[in-house]
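Sequential numbering of the first sequence, starting at 1, is according to this note's numbering. So the structure is just underneath, and the comments pick up after that.
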Amino acid sequence: MINPRVLAEDPELVKTHLRRRHADESVISTVDEIVELQTTRKTHVLERDDLRATRNSSSKQIGALFKAGKGAEAGEMKAAVTAGNDRIKVLEAELDVIEARMHDLAMHLPNLLHDTVPAGKTEDDNPVERTWGDIPTFDFTPQAHVEVGAKLGILDLERSTKLTGARFAILRGMGARMERALINFFLDLHTGEHGHTEVMVPYMVHAHVAEGTGQLPKFADDMFKLAGKVNGEDAYLIPTAEIPVTNIHREEILDIDKLPIKFACFTPCFRSEAGSAGRDVRGIIRQHQFHKVEMVWLTTPERAEADHHQMVDHAETALKRLGIPYRVVRHCGGEVSFAAHKCFDLEAWLPSQDNYREISSVSWFTDFQSRRMKMRFRPAPVEGKKQKPRLVHTLNGSGLAVGRTMVAILENYQQADGSVIIPEALRPYMGGIERLVPPAE
RNA sequence: GGAGUCGUGACCGAGUGGCCGAAGGUGCCGGAUUGCUAAUCCGGUGUAGUGCAAGCUACCGAGGGUUCGAAUCCCUCCGACUCCGCCA
């Protein structure tokens, strides 16, 4: 959620940011509605609090009058307080409506953008920051991962349709092994060398938890909602570990000495892919279920920008170790996701597409998520004085998407005979084998 | 699923319907004392809204209700724990 103070004090600034995101005018106009509601709310609150103050002091007097045996006077005051209570009830009923509307509108407003977010509307407008690695050259026509995987007998996209239809896959033999190897490789890298704490978390979350990170209320269609309630509340399958992991410390005041808290987490991810019908239908690039190792950091506003760059670097390290050529792009205004302030994507080279495809997205959310989650930290004392809690900054980034990494390996390391060389860094995780070879016909 | 106990501040833990935003303790911060450490003593120490400020208002798992007045009484829900049953 955007800081309500900014909304109240500089609504035009907020609108400017919304325009940079190419938001609809209908969204932009809600800024004015929120500001109006804030004003109305304030007069209501002032009146209500005033009445409550009167009630509190009257109640004390009534008690004293009773003790003094002045029942008649007490009775008169009681009537006055009751009248005041009626007015309070009216005001509170109106406040409920005002606040619900205000909250609903505010929850649908995306985060403000960082100054360095470039103009642009689509991914074609994302400027390239840097590229790494040599694009492989082939003396044969490189195959798509679907063909490479099928020939190796490790990827079965036909039988999986018998189970759950399109956008699911069955990995078999060394395919399943490579999936597991990549997960372990990523986790070992991020825990052993990059200082993350590994966590395992629930794969279904309550609705209010998904509100904390910003997937709800706006993007319910992108998630799989469970038909039954879970412990009394609507729940969703997680589309990313970001949701459960970022929410771990919600509603807490964290010790600044513990920041940044750096989590690495492996989870399956479930996405409905509503609205992407027809896109990437072939292969395992876009699945309803996929695996991902995610990095989630809770940090201070002062550190956040530098931490963001470091997280990008950690994700790049994973790709470098695997020898996958990639580039880093900066999201333009139209591409920065709802909750994000600034975002870099890592895109891996895919020979079959003759292009780079997203394999990691690393975002900085400022206090947008932590305001929703009420997640704060206590700054160090200044001149012996305890400081007020402040909202933490949250970051997250894929490190990496496992299925897409496998796609990149199969395509970039494929050989003319249909075999695939296994990147050296991955070999210890695959029983030391150096190459996947198609079975004899 | 059955039976029962319980949810209070960063943490532990008191709390008879008004004098409770809440005793006491721990932790933390400052000060005093002390060769160092340890110990002791004094003071301070929740969050949020509003206001120049004094102050006022709200929050004792969540939401309703009773009452002039609720941490305290009633209802519903959520959560934790113990025992029994079932079970990967």
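No residue lacks a Cβ here, since even glycine has one placed at the ideal position from N, Cα and C.
- About 7 Å separates the beta carbons of V14 and V6, which is inside the 8 Å limit, making them a contact pair.
- With a beta-carbon spacing of about 5 Å, L95 and H44 fall inside the 8 Å limit used to define contacts.
- One Cα belongs to R41, the other to R376, and the distance between them is close to 26 Å.
- By the CB criterion at 7 Å, T191 and L105 fall outside the cutoff.
- Our two residues, A119 and R20, have alpha carbons roughly 7 Å apart in a direct line.
- Shortest Cα-Cα distance from R282 to any of E158, E47 and I243 involves E158.
- Its chain contains I256 as the residues whose beta carbon lies nearer than 6 Å to that of A380, once the 5 sequence neighbours on both sides are disregarded; these appear in chain order.
- The way I'd put it, the stretch 315–325 does touch the stretch 409–421; three or more beta-carbon pairs between them come closer than 8 Å.
- Under the three-state reduction of DSSP output, E347 falls in the strand class.
- The stretch 189–222 is shown to contain whole beta strand (DSSP E) runs of 3 or more residues at 197–199 and 204–206, in chain order.
- Per DSSP, the unbroken beta strand (DSSP E) holding V296 starts and ends at Q289 to T299.
- Between V293 and L187, the C-beta gap is smaller than 7 Å, which places the two residues in contact.
- Annotation for R282: no alpha helix (DSSP H) segment contains it, and DSSP assigns it neither H nor E.
- One alpha carbon belongs to A79, the other to F368, and they sit about 46 Å apart.
- Comparing C-alpha distances from T141 to each of D417, M430 and S272 shows the shortest one belongs to D417.
- Residue burial annotation: G173 is exposed, with fewer than 16 other C-beta atoms found within 10 angstroms of its C-beta.
- Shown here, E335 sits in coil according to DSSP, grouped into three states, outside any helix or strand.
- If you ignore the 5 residues before and after I98, its C-beta comes within less than 8 Å of the C-beta of L37, T40, R41 and H44, all in its own chain and listed in chain order.
- Membership of A401 in the beta strand (DSSP E) is indicated by the continuous run H393 to A401.
- Using a Cβ-Cβ distance cut-off of 8 Å, the stretch 331–348 and the stretch 137–151 are not in contact, since fewer than three pairs of beta carbons, one from each stretch, lie closer than that value.
- In the DSSP assignment, L237 falls within the beta strand (DSSP E) that extends over A235 to L237.
- In this chain, S360 is not harboured by any alpha helix (DSSP H); it is covered by the beta strand (DSSP E) spanning N355 to W364.
- Distance from the CA atom of L350 to the CA atom of A144, rounded to whole angstroms, is 8 Å.
- Within the stretch 80–134, complete beta strand (DSSP E) segments of at least 3 residues are found at 128–132, given in chain order.
- Within the same chain, and ignoring the five residues on either side of K320 in sequence, the residues whose Cβ sits closer than 8 Å to its Cβ are W132 and G133.
- Here the C-alpha atom of G228 lies approximately 16 Å from the C-alpha atom of H208.
- Annotation for R330: the continuous beta strand (DSSP E) segment containing it runs Y326 to R330.
- Note that the C-beta distance between V362 and G397 is below 7 Å.
- In the displayed model, A264 falls within a strand according to three-state DSSP.
- Look at K342 here: in three-state DSSP terms it is strand.
- Proximity to E179 across R435, P423 and G403 peaks at G403, based on C-alpha coordinates.
- Excluding sequence positions up to five before and after R371, its CB lies within less than 6 Å of the CB of M1 and L391, all in the same chain and listed in chain order.
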